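Taking it in order: structure first as structure tokens, then the write-up.
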Amino acid sequence: MTALLIKGVRPYGEGEPTNIRVTDGVISAIEPATGADEPVPADLPVFDAAGLVALPGFVDLHTHLREPGREDTETIETGSRAAALGGYTAVFAMANTDPVTDNAVIAEHVWRRGAEIGLVDVHPVGAVTVGLAGAKLAELGTMAASAADVRVFSDDGHCVHDPLIMRRALEYSVALDAVIAQHAEEPRLTVGAQAHEGERAARLGLAGWPASAEETIVARDCLLAGHAGARLHICHVSCAGTVEVLRWAKQRGVRVSAEVTPHHLLLTDERLGSYDPVNKVNPPLRTAADVQAMRAALADGVIDCVATDHAPHAVQDKDCEWASAKPGMLGLQTALSIVVETMRGTGALDWRGIARVLSERPAEIAGLAGQGRPIEVGEPANLALVDPDARWTVRGEELASLAGNTPYEGMELMARVVGTVLRGQVTAGRERIAV
Amino acid sequence: MKHLLTTEGLSAAEATAVLDTADTLKQTLLGREVRKLPTLRGRTVLTMFYENSTRTRVSFEIAGKWMSADVVNVSASGSSVGKGESLRDTVLTLRAAGADCVIARHPASGAAHRLAEWLGSAGTSVVNAGDGTHEHPTQALLDAATLRERLGSLDGRRIGIVGDVLHSRVARSNVHLLATLGAEVVLIAPPTLLPYGATNWPVRVSYTLDAELPTLDAVMMLRVQAERMHGGFFPSAREYSINYGLSEARAALLPEHAVVLHPGPMLRGMEIASAVADSAQAAITEQVRNGVHVRMAVLYHLLAGEEGAA
Amino acid sequence: MASRSRGAADAAGERELLTAADVARTVARMAHQVIEKTSLDAPDAAQVVLLGIPTRGASLAVRLRDRITEFSGVRPPCGTLDVTLYRDDLRRRPTRPLEETSVPDGGIDDRLVVLVDDVLFSGRTIRAALDALRDHGRPRAVQLAVLVDRGHRELPIRADYVGKNVPTARAEDVVVRLDEVDGSDGVLVRGGKA
């Protein structure tokens with residue numbers, strides 16, 4: 001039997017401080033934290049959460065854990081630690097591993113490693129096509145039926161660009177109650193692309209990645225999903241125009257959801273002048289107008305949730321010339337701070353809203369019954385404990401990931417996750433526990 | 001000046017100082033038997049060309065040698081570059097070997113910026129000899145030197161840049177430098193060869209060469225690379241030549257004083273008619289000659305001052 | 001501008017060495033000396049070429065030429081010789097702009113070149129000038145004329161014609177002002193008296 005007392009916390013940052021009691025992984029009581037403490041059993045671990053905000057544990061639909069294949073940049077273990085420190089209780093590990101997670105064996109391996117480590121629920125994302133090659137459907141059904149219980153499929157890193165393959169994948173997924181997560185990038189429009197196609201890239205002589213390459217695929221796939229009655233999820237939305245397409249599709253009743261990354265909520269292509277590849281990411285950093293559109297869409301729900309696209313890379317793949325660098329940024333440990341800064345700091349979302357975009361909606365999209373639940377008695381004790389007043393400076397070398405490619409290096413961010421609870425187990429912030 | 005990476009951001013005063021130095025050097029060396037100045041004795045200059053360009057490399061090499069620098073050519077094929085060594089490791093090795101200046105051409109835009117970051121703390125200067133489709137600042141400086149020679153001043157002059165602006169580092173460097181020096185720049189190309197966003201540059205954009213030629217003080221013809229011709233940027237070489245090639249008949253539309261420039265190597269017949277390239281209006285061989293003096297001037301400004309001085 | 005008594009130090013630590021009138025007299029005296037020493041008005045004398053070292057040496061060379069013409073009736077060719085590219089101390093100071101070099105028609109081969117500068121100090125400028133001359137030709141002989149010799153030589157170089165010898169402290173500055181460059185004539189010693 002596990003038990004935990006979280007003292008003095010304010011669920012969703014609302015009301016008076018409370019004590020949350022956890023028994024056997026479930027919230028067993030939520031009581032006012034009165035001055036006159038009732039006696040605590042001597043052996044009950046107490047997490048001092050005075051001044052903290054409790055949110056449901058975060059769910060990341062889009063993480064690259066790099067295992068198997070690039071264990072020099074991240075492993076399921078180091079990635080799990082980063083996730084727990086970032087407030088996550090469930091992450092979806094993208095399929096572009098080596099070998100690719102396009103079969104039940106790899107999917108079960110990832111799932112089992114995650115369970116052994118036990119810091120966060122690691123759900124493998126299955127590839128849509130064999131080897132991410134875009135030509136032949138992977139065995140979606142076998143992966144769905146495996147111990148890993150795969151329900152999210154994506155060729156992320158590559159767009160499922162052949163409309164017929166995409167149509168078949170969407171149709172096939174209906175029987176599995178799965179969702180196809182599309183990396184929306186028309187490859188013929190992004191040959192050699194290095195940066196957002198706009199004034200900045202033109203000056204810097206970087207081949208452009210036009211917004212229309214994303215918008216056209218999103219429009220096409222919304223129509224295909226509507227036709228198939230399937231569920232479509234759009235990865236890392238980056239363009240204002242995509243938001244308009246999504247709004248239109250949702251109004252028509254298409255079962256489409258969408259995510260935005262923290263970096264697309266904050267950073268713009270103005271950062272590219274130094275040619276430092278830490279700013280290279282796919283889809284690329286776009287304009288300030290796109291950033292504003294991302295924030296507005298996340299606030300009004302056209303974009304459903306935030307996903308990190310956490311993408312660790314080795315030093316030699318980043319400390320090089322721009323064109324040779326791999327795209328991607330770390331995100332797990334900085335996501336909450338960036339969301340607070342860009343959404344709560346601007347008044348676009350309150351803590352309830354942050355709970356929605358970081359936990360509730362992603363859990364719904366992925367069909368996770370035990371995640372993204374309300375903070376109520378009888379619910380699983382999956383919690384992120386946030387210090388809303390914290391100020392901290394990001395140092396890549398201090399992050400739990402093996403890689404250090406954070407674009408926020410040296411930046412002072414607001415708010416920080418100081419504790420994470422996964423079904424009653426404290427997975428981050430154990431140092432705060434007094435027995 | 002510590003490095004020369006771009007003409008964007010170069011002030012009119014800085015650019016003019018380099019051009020004036022180039023003029024003086026040209027006069028100084030005029031008619032001399034021994035074209036050697038002791039100015040950079042004992043300084044080591046490396047040329048690192050990751051793309052073939054005999055003319056630019058040789059121009060830099062002569063410039064360095066006429067200033068008495070020790071010029072070492074690192075050929076990208078004969079060194080560990082060919083063995084897959086990273087750019088960073090290569091330059092750090094060369095820095096350790098004592099280079100005072102690295103002159104680099106690289107197919108990646110921004111490569112020179114990265115080199116400057118890796119080498120700057122050691123006091124090694126970097127000259128961008130062409131980075132991808134970004135900039136080629138010494139080409140723009142030598143073009144400006146040639147235009148100043150022919151036209152007197154660039155202030156208020158109208159210069160047309162014709163052709164593949166999208167992929168041209170020469171065009172980018174010229175756009176910034178010419179605008180800084182007070183010229184009015186007109187980019188003339190089919191829309192497929194103009195960068196998205198070029199309308200926000202300090203330029204005017206035109207799709208019609210014939211309409212622009214009568215009011216130009218100079219026309220700069222850009223190279224059309226073979227791979228672009230097959231990349232669907234325009235229907236055919238023939239159609240390109242018909243619309244944007246500088247034929248004899250078209251050159252006749254230019255004012256008499258107008259100057260014809262081409263950064264070379266030229267595709268005669270396609271971008272420019274032979275008779276035009278060899279005409280008195282063409283300043284193409286002067287461009288090459290001025291290239292040496294401009295590059296000497298750049299080396300002078302980078303290497304002849306106090307270490308760490310602005 | 002109020003006139004100052006010669007040699008008196010003012011509040012800013014400046015001392016006037018030569019007034020405008022002194023400069024004119026000194027240049028005239030130097031012109032006489034050049035005429036005498038080079039015998040330039042003699043029929044078989046070597047042809048004299050004056051080369052001023054920019055900036056103020058160039059102006060002085062022109063003045064000297066004009067006085068020589070006035071006194072002797074011979075007008076020697078006059079040009080400028082920038083020595084910046086030949087200096088051995090370039091890396092001790094910020095990058096200097098280059099000045100004009102203009103060697104008169106006829107060149108310097110077999111001529112008697114008189115280098116003209118404002119101040120003779122370490123001698124390094126003159127060493128650079130001798131190197132620069134070598135790249136322009138082979139004079140029969142080279143002489144040196146300076147308005148002020150302030151001492152502290154670092155090389156075995158001496159002037160053939162000296163307007164004024166001025167003992168100075170190494171830290172002091174000798175400032176030559178010429179109307180063509182500075183708007184007025186005069187020579188000052190400034191500051192640094194240790």
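Protein chains in written order, with full-length UniProt numbering: chain L, 1 to 435; chain F, 1 to 310; chain B, 1 to 194. Glycine residues also receive a C-beta, built at the ideal position from the N, C-alpha and C atoms. Here the structure is a predicted model, which is why all the values come from computation and not from measurement.
* To do: Using DSSP bridges, identify the partner residues of histidine 196 of chain L.
  => Secondary-structure assignment with DSSP links histidine 196 of chain L through a beta bridge to L:Trp209.
* Asked: Do leucine 60 of chain B and alanine 31 of chain B have their C-beta atoms within less than 8 Å of each other?
  -> No. Outside cutoff.
* Asked: What is the rounded straight-line gap between the Cα of leucine 177 of chain F and the Cα of leucine 10 of chain F?
  -> Each residue's Cα considered, the two are about 7 Å apart.
* **C-beta neighbour in chain F for alanine 58 of chain B, strict 8 Å** => Chain F has no Cβ within less than 8 Å of the Cβ of alanine 58 of chain B.
* Amino acids of chain F, ordered along the chain, whose beta-carbon sits closer than 8 Å to that of serine 274 of chain L -> Here the neighbours are His113 and Glu117.
* Asked: Going straight from the alpha carbon of residue 439 of chain L to that of leucine 383 of chain L, what length do you get?
  -> With chain L covering 1 to 435 only, the question about residue 439 of chain L has no answer from this structure.
* What is the DSSP secondary structure of glycine 160 of chain F, counted as helix, strand or coil? -> Strand.
* Asked: Going by the beta-carbon positions, is the gap between arginine 231 of chain L and arginine 255 of chain L smaller than 8 Å?
  -> For arginine 231 of chain L and arginine 255 of chain L, yes; Cβs fall inside 8 Å.
* Do valine 339 of chain L and leucine 368 of chain L have their CB atoms nearer than 8 Å? -> Not in contact: valine 339 of chain L and leucine 368 of chain L (Cβ atoms no closer than 8 Å).
* Taking the runs of the beta strand (DSSP E) that are 3 residues or longer, which of them lie wholly in the segment 8-40 of chain L? -> Whole beta strand (DSSP E) segments, 3+ residues: 18-23 and 26-32.
* **Segments assigned beta strand (DSSP E), at least 3 residues, entirely inside the segment 84-153 of chain L** => Listed in chain order, they are 88-93 and 121-124.
* **Element boundaries [beta strand (DSSP E), containing glutamate 184 of chain F]** => First-last of the beta strand (DSSP E) with glutamate 184 of chain F: 184-188.
* Express the C-alpha separation of alanine 12 of chain F and asparagine 174 of chain F in angstroms, rounding to a whole number. => Between the alpha carbons of asparagine 174 of chain F and alanine 12 of chain F lies a gap of roughly 13 Å.
* To do: Step through the CB atoms of chain B and report whether any lies within less than 8 Å of the CB of arginine 148 of chain F.
  => No, arginine 148 of chain F lies away from the interface with chain B (no Cβ there is under 8 Å from its Cβ).
* Give the interface partners of threonine 39 of chain F over in chain B, defined as CB-CB distance under 9 Å, in chain order. => Near threonine 39 of chain F (Cβ distances below 9 Å), the residues of chain B are Thr84, Leu85, Tyr86, Arg87 and Leu90.
* For cysteine 320 of chain L, which beta-bridge partners are listed by DSSP? -> Answer by DSSP bridge pairing: none, since cysteine 320 of chain L is not bridged.
* Asked: Ends of the alpha helix (DSSP H) at threonine 54 of chain F?
  -> 54-66 is the span of the alpha helix (DSSP H), which, as asked, contains threonine 54 of chain F.
* Asked: Which whole-angstrom value describes the C-beta separation of methionine 343 of chain L and arginine 391 of chain L, a residue pair presumed to lie in contact below a C-beta threshold of 8 Å?
  -> No, methionine 343 of chain L and arginine 391 of chain L are not in contact; Cβ-Cβ is about 18 Å, not under 8 Å.
* Asked: Along the segment 310-328 of chain L, what residues have a CB closer than 8 Å to any CB found in chain F?
  -> Within the segment 310-328 of chain L, the residues whose Cβ lies closer than 8 Å to some Cβ of chain F are Gln316, Asp319, Cys320, Glu321, Trp322, Ala323 and Ser324, listed in chain order.
* What residues from the segment 200-232 of chain L come within 9 Å of chain F, judged by C-beta to C-beta, listed N to C? -> Those would be Arg200, Ala201, Ala202, Arg203, Leu204, Gly205, Leu206, Ala207, Gly208 and Pro210, in chain order.
* **Beta carbon proximity, arginine 32 of chain F to chain B, threshold 8 Å** => So, interface residue.
* Coil, strand or helix - glycine 7 of chain B by DSSP -> At glycine 7 of chain B the pLDDT is 48, less than 50, meaning the model places this residue with poor confidence; the figure from the coordinates comes in the next sentence. Coil at glycine 7 of chain B, not helix or strand.
* For tryptophan 111 of chain L, count neighbouring Cβ atoms within 10 angstroms of its own Cβ and tell me buried if that reaches 16, exposed if not. => Classification of tryptophan 111 of chain L: buried, given that the 10 Å Cβ count is 16 or more.
* For glycine 123 of chain F and lysine 96 of chain F, the rounded distance between their alpha carbons -> This sequence places alanine at residue 96 of chain F; lysine is not what is there. Roughly 12 Å between the two C-alpha positions.
* To do: Please state whether DSSP places aspartate 131 of chain F in a helix, a strand or coil.
  => When DSSP states are grouped into helix, strand and coil, aspartate 131 of chain F belongs to the strand group.
* Contact with chain L by arginine 169 of chain F, beta-carbon distance below 8 Å -> Arginine 169 of chain F counts as touching chain L.
* **Whole-number beta carbon distance between serine 59 of chain F and arginine 295 of chain F, since they are thought to touch under 8 Å** => Sure, about 6 Å apart at Cβ, within 8 Å.
* Consult DSSP for proline 97 of chain B and reduce its assignment to one of helix, strand or coil. => Coil, per DSSP.
* Would you list the one or two residues that DSSP bridges to serine 80 of chain L? => According to DSSP, which records beta bridges pairwise, serine 80 of chain L is partnered with nothing at all.
* Asked: Thinking just about the alpha-carbon of each residue, which of F:Val298, F:Ala108 and F:Glu306 is nearest to the one in threonine 24 of chain F?
  -> Restricting attention to F:Val298, F:Ala108 and F:Glu306, the CA atom closest to the CA of threonine 24 of chain F is found in F:Val298.
* Taking the DSSP output, what are the residues bridged to histidine 310 of chain L? -> According to DSSP, which records beta bridges pairwise, histidine 310 of chain L is partnered with L:Thr63 and L:Met329.
* So is proline 43 of chain B buried or exposed if we call it buried at 16+ other beta carbons inside 10 Å? -> With fewer than 16 Cβ atoms within 10 Å of its Cβ, proline 43 of chain B is classed as exposed.
* Nearest-angstrom Cβ-Cβ length linking aspartate 118 of chain B and valine 146 of chain B, presumed shorter than 8 Å -> About 7 Å; that satisfies the 8 Å criterion.
* To do: Under 8 Å Cβ to Cβ from tryptophan 66 of chain F, same chain only, skipping five residues before and after it: list those, please.
  => Take tryptophan 66 of chain F, set aside five residues on each side of it, and the residues of its chain with a beta-carbon closer than 8 Å to its own are Leu29, Arg35, Lys36, Leu37, Val292 and Met296, in chain order.
* Interface residues of chain B facing glutamine 139 of chain F [CB-CB closer than 7 Å] -> Within chain B, no residue has its CB atom less than 7 Å from the CB of glutamine 139 of chain F, the nearest being about 22 Å off.
* CB-CB length for valine 126 of chain F against leucine 119 of chain F, believed under 8 Å -> Their Cβ separation, rounded to whole angstroms, is 6 Å, which keeps valine 126 of chain F and leucine 119 of chain F in contact under 8 Å.
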